[in-house]
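Sequential numbering from 276 applies to the sequence shown in my numbering.
See below for the structure under consideration.
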Amino acid sequence: MGAEATRRVALVFSLFDANANGVLEQDDFDLMAERVVREAHASDRAAKDAMRAAFRRYWTTL
């Protein structure tokens with residue numbers, strides 16, 4: 276893998292590793308979902324629940 280590709284993979288990994296423990300886990304995706312939901316002030320509960328579910332599906336897909 277080239278240096279640029281390695282840098283990009285490291286960047287994406289660091290964004291997904293929400294708790295910065297060096298391992299991708301379901302907790303990382305739960306944490307990302309909660310951060311997004313917390314900032315979605317105008318969204319109703321159903322929309323926030325849908326966002327949490329989307330992050331869970333993404334984790335399951337990985």
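We treat Cβ as the ideally placed atom computed from N, Cα and C, and that holds for glycine.
The structure presented is a predicted model; accordingly, all values stated were derived computationally and were not measured.
Check, Outcome
"Do the CB positions of F350 and D292 come within less than 9 Å of each other?", "Absent from the structure is residue 350, since the part of the chain shown begins at 276 and ends at 337."
"Going by alpha carbons, who is nearest to A308 out of L337, S318, A328?", "A328"
"I need the DSSP call for E309, collapsed to helix, strand or coil.", "helix"
"Can you tell me whether S289 is helix, strand or coil according to DSSP?", "helix"
"Since A315 contacts M326 with CB under 8 Å, what's their CB separation in whole angstroms?", "7 Å"
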